[in-house]
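The opening residue of the sequence shown carries number 29 in the working numbering; numbering runs sequentially from there.
Cβ atoms here follow ideal geometry from the backbone N, Cα and C, with glycine treated the same way.
Encoded as structure tokens, the structure appears first; notes follow it.
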Amino acid sequence: MDPFINAFFQIDTDEDEVITVRDLEDYVKRNDLDKSMVTRWKSLFDKNHSGTITLNEFCDTLGLRLADVRIKRNESITIQQKQPGGLRSEIKVIVATMSLADQITVSEEVYRLVGDETSDKKLLADKIKTYLDKRYGRMWHVIISKGSSWCSFTHIPETSFFFQLKEYVYLIWRTPA
29 MDPFINAFFQ IDTDEDEVIT VRDLEDYVKR NDLDKSMVTR WKSLFDKNHS
79 GTITLNEFCD TLGLRLADVR IKRNESITIQ QKQPGGLRSE IKVIVATMSL
129 ADQITVSEEV YRLVGDETSD KKLLADKIKT YLDKRYGRMW HVIISKGSSW
179 CSFTHIPETS FFFQLKEYVY LIWRTPA
């Protein structure tokens, strides 16, 4: 799901399609984000200064169709329900800011590609990146590592996913264009 849409649904914890200032403040605190996010979201999405942001206002501002966003949300929920335990037991999450639905989608594709028994890890990384670029838009980064690794990076919120599958660690994230 688009990071903004994903953020909306993570903020809207009671699933009433309305975000209050309190919801925004709780989200910022829970995710250790910059407090200015509350002000930015209010100025962007609360055009009538009601103190709330409805999903409809949110979609209008971003030029999204409300029905499409609801469909994406329902698909995301369906994916999570189909996989009651979430991710495959072989997937060991190291750290992730990506939604569980997207983690499942991405890890399933990686699992499928690994099953093709390609020993060329550069080719595998290229295939994963191509998949991510086509599915979610450009600017994905993929590192496949065996053994120790360290990294420092900036990424678009809710688009990082680091996990282990078999003896390899997969570091996946998206940066702004």
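Just how far apart, CA to CA, sit residue i and residue j?
i: C179; j: Q131; result: 20 Å
i: K70; j: T48; result: 9 Å
i: Y139; j: H77; result: 47 Å
i: E186; j: L128; result: 10 Å
i: Y196; j: V123; result: 15 Å
i: I81; j: F37; result: 12 Å
i: S117; j: Y198; result: 16 Å
i: S147; j: A153; result: 11 Å
i: K63; j: D54; result: 10 Å
i: M29; j: L160; result: Residue confidence for M29 is low, a pLDDT of 49 falling below 50, so the modelled location carries little weight and cannot support an answer.
i: N59; j: G114; result: 21 Å
i: N102; j: C87; result: 16 Å
i: K57; j: T41; result: 14 Å
If you check the beta carbons only, do residue i and residue j fall under 9 Å apart?
i: V10; j: K157; result: There is simply no residue 10 to check, as the chain begins at 29 and stops at 205 in what is shown.
i: F191; j: V121; result: yes
i: E85; j: D74; result: yes
i: L83; j: V46; result: yes
i: I184; j: R202; result: yes
i: I172; j: S188; result: no
Can you find the residues in the same chain that come closer than 6 Å, C-beta to C-beta, to residue i, ignoring five residues on each side of it along the sequence?
i: D51; result: I39
Give every residue of the same chain whose Cβ lies closer than 7 Å to the Cβ of residue i, excluding the five residues on either side of it in the sequence, and list them in chain order.
i: L90; result: F32
i: L61; result: none
i: I119; result: S135, F191 and L193
Contained beta strand (DSSP E) runs [length at least 3] in the region 128 to 190, N- to C-terminal order: 168 to 173
Contiguous beta strand (DSSP E) assignments of at least 3 residues, all confined to the region 63 to 94: 80 to 82
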